[in-house]
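Below is one structure; the comments refer to it alone.
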Amino acid sequence: MTAEFYREYLKKENAPRRQLLYVMNPNKFMACQFLIDFHERVRGDKIIVFSDNIWALREYATRLRKPFIYGPTSHAERTRVLHAFKHHPDINTVFLSKVGDNSLDIPEANVLIQISSHAGSRRQEAQRLGRILRAKRGKAGSGHEGEFNAFFYTLVSNDTQEMYYSTKRQQFLIDQGYSFKVVTNLLEAAGDTPGLLYSDRPSQLDLLSRVLSAGMEEAGVETLRDEDAEGLAAAAGGRPAARRRVGDMAALTGATGYRYMEFASGGGRGGGGGGGGGRGKGGYQGTKAQSWARKLGVAAKR
8 MTAEFYREYL
18 KKENAPRRQL
28 LYVMNPNKFM
38 ACQFLIDFHE
48 RVRGDKIIVF
58 SDNIWALREY
68 ATRLRKPFIY
78 GPTSHAERTR
88 VLHAFKHHPD
98 INTVFLSKVG
108 DNSLDIPEAN
118 VLIQISSHAG
128 SRRQEAQRLG
138 RILRAKRGKA
148 GSGHEGEFNA
158 FFYTLVSNDT
168 QEMYYSTKRQ
178 QFLIDQGYSF
188 KVVTNLLEAA
198 GDTPGLLYSD
208 RPSQLDLLSR
218 VLSAGMEEAG
228 VETLRDEDAE
238 GLAAAAGGRP
248 AARRRVGDMA
258 ALTGATGYRY
268 MEFASGGGRG
278 GGGGGGGGRG
288 KGGYQGTKAQ
298 SWARKLGVAA
308 KR
């Protein structure tokens, strides 16, 4: 992180905005821009950029002039953006929030850049990894015919809480048999690449000012219905919430949908004994009552 961003990151009063600070790190922004430019211009790849933080998603996509999709995006707009991404030669990058983890199918993409994620969620890592691990042969930029050709980048700000989450995700990759490489000199490789945004101090200070003035709702991650509450609480620095409710042991048996009923079968036909014609006191009514009893696995009383 730049010195100014890291200074604000360490301040106690900025704890709710720490995630936004390390996601909007100018060095991370320049690294993302460099990777997009390299894969688009040099290799001709199709790129997905994931950000769970909505403020960062809009800022990255708007500044880089790329389309983006998140929760409030209408179905018509999603369809238009995805169709352009799949078929238009000039639309090679799309920014997605966590809605892209499950609900969107983009088999054309072979490069994934992750700038913000949901804490250390291994499930999310597996979902996003699966986006680009499908066999992709003969793509533009591949060195040889039939060469598999997929790239997964996770951009991490050093010496921040993001490194802890990144370590958990790396352990998942190791457990699944994948290998990875930590690159620490990406900006040095970029060199004096022209056109990198936020490469000068005045623009970085302007970005920092806007980050610090962002609303608390915008500073957090996007919340969906299937949110992992424990991971969210960990990301916010708190404890996972617990709920207590009254349970029913019968619900575990699967028998809660059945009821034992007593009713007259009409005119005393087939009435049980002791009740006189099936209507006597204490009598159970004929074959229907016995049938219900058999369904419930109990014997009808007589």
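Add 7 to the 1-based position in the sequence shown for my numbering, that's all there is to it.
Built from N, CA and C at the ideal position, the CB exists for glycine as well.
Assignment of beta-bridge partners to Thr100 by DSSP yields Ile54. Counting only residues of its own chain and dropping the five nearest sequence neighbours on each side, Pro33 has a CB closer than 6 Å to the CB of Thr9, Tyr205, Gln211. Secondary structure of Ile120 (DSSP, three-state): strand. In this structure, Met37 and Leu140 do not form a Cβ contact; the two beta carbons are roughly 27 Å apart against a cut-off of 8 Å. Per DSSP, the unbroken beta strand (DSSP E) holding Phe159 starts and ends at 158-161. The C-beta separation of Tyr185 from Leu42 comes to about 19 Å, leaving the pair out of contact by the 8 Å criterion. In this structure the region 89-106 lies against the region 44-54, because at least three pairs of beta carbons, one per stretch, are closer than 8 Å. Take the alpha-carbon of Arg87 and the one of Ile54: they are about 17 Å apart.
The C-beta distance from Gln131 to Asp112 rounds to 17 Å, too long to meet the 8 Å contact threshold. The three-state reading of DSSP puts Asn60 in strand, counting E and B together. Excluding its 5 nearest sequence neighbours in each direction, Tyr29 has C-beta neighbours in its own chain below 6 Å: Ser164, Thr167, Glu169, listed in chain order. Counting every other CB atom within 10 Å of its CB across the protein chains shown gives Tyr16 a total of 16 or more, marking it as buried. His94 and Ser81 have their C-alpha atoms spaced approximately 20 Å apart.
In the displayed model, Ile113 falls within coil according to three-state DSSP, outside both helix and strand. Here the alpha carbons of Phe57 and Val218 stand approximately 19 Å from one another. When rounded, the separation of the alpha-carbon atoms in His90 and Glu115 is 11 Å. Going by beta carbons, Phe158 and Val118 fall inside the 7 Å limit.
Its chain contains Thr161, Val163 as the residues whose beta carbon lies nearer than 7 Å to that of Ser173, once the 5 sequence neighbours on both sides are disregarded; these appear in chain order. Between Phe75 and Ala68 a beta carbon distance of about 4 Å is seen, short of the 8 Å cut, so the two are scored as contacting. According to the DSSP assignment, Phe36 belongs to the alpha helix (DSSP H) that extends over 33-44. Here Phe92 carries a helix assignment [DSSP, helix/strand/coil].
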